[in-house]
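Below you'll find the structure, written out as structure tokens, and then a few comments.
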Amino acid sequence: MRTDHAPVRFDTKIAVVLRDDLLTWQRLNITAFLVSGIGTAVPEVIGQPYEDAGGVRYLSMFRQPVLVFEAGKELLRAAHARAVGRNLPLAVFTSDLFATNNDRDNRAAVRAVATGQLDLVGMATHGPRNAVDKVLKGASMHH
292 MRTDHAPVRF DTKIAVVLRD DLLTWQRLNI TAFLVSGIGT AVPEVIGQPY EDAGGVRYLS
352 MFRQPVLVFE AGKELLRAAH ARAVGRNLPL AVFTSDLFAT NNDRDNRAAV RAVATGQLDL
412 VGMATHGPRN AVDKVLKGAS MHH
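Quick note: the sequence shown, position 122, residue 413 per our numbering, numbers continuous.
What follows is the structure, encoded as structure tokens:
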């Protein structure tokens with residue numbers, strides 16, 4: 292019998308992988324951009340709106356944890372290839388996006404580069420736990 296206090300275990304995983312040579316501000320900024328893609332593409336990961344005891348309402352957030360990993364450039368490239376191969380929802384952030392400042396230019400910068408040539412600095416994915424674990428093989432939890 293499940294109680295309201297029983298731990299919740301999710302069948303899916305939301306994960307962000309960041310390149311291990313980024314500055315702190317870059318890691319935070321990239322993570323925010325990447326997870327916004329997951330929230331829009333996979334609406335079932337969004338929970339209900341929040342409300343405090345005073346009746347002030349707040350926006351909905353993910354209903355499950357977002358796990359953040361780090362990896363070297365080659366491991367990030369391999370994780371990207373595995374995620375693409377498994378057809379998982381995927382958001383990417385490339386080094387070219389540091390030089391742009393709007394969505395139109397961001398999309399153009401990604402479109403200009405072949406899949407295998409993207410200079411990835413981060414990616415986010417969502418899917419069944421085991422599939423995401425296989426995509427992230429070798430990456431370590433961010434610290």
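Glycine residues also receive a C-beta, built at the ideal position from the N, C-alpha and C atoms.
From a predicted model like this one, the values you see are computed outputs, not experimental measurements.
- [ ] Evaluate the contact criterion for the region 362-375 versus the region 313-333: three or more CB pairs, one atom per stretch, below 8 Å.
- [x] Contact between the region 362-375 and the region 313-333 is absent, with fewer than three C-beta pairs closer than 8 Å.
Open item on the list: Against chain C, does A390 count as a neighbour if the rule is that its beta carbon must be under 8 Å from one of theirs?
Closed with: The chain inventory of the structure shown lacks chain C, comprising one protein chain alone.
Task: Exposed unless 16 or more other CB atoms sit within 10 angstroms - verdict on R318 - done: Buried, by the Cβ-count rule.
- [ ] Indicate the three-state DSSP secondary structure (helix, strand or coil) for K425 in the structure shown.
- [x] For K425, the three-state secondary structure derived from DSSP is helix.
Task: Under 8 Å between C-beta atoms of L381 and A400 - done: No; because the gap between Cβ atoms is not below 8 Å, this pair is not in contact.
- [ ] Following the continuous alpha helix (DSSP H) through G376, name the residue where it begins and the one where it ends.
- [x] Per DSSP, G376 belongs to the alpha helix (DSSP H) from 364-376.
Task: Beta bridge counterpart(s) of F301 as assigned by DSSP - done: For F301, no pairing in a beta bridge is given by DSSP.
TODO: Look up E361 in the DSSP assignment and give the residues it is bridged to.
DONE: Beta-bridge pairing links E361 to L309, S431.
Open item on the list: Pull the bridge partners of V383 from the DSSP assignment, please.
Closed with: Per DSSP, M414.
Open item on the list: Does R420 come out as helix, strand or coil in the three-state DSSP assignment?
Closed with: R420: helix per DSSP, three-state reduction.
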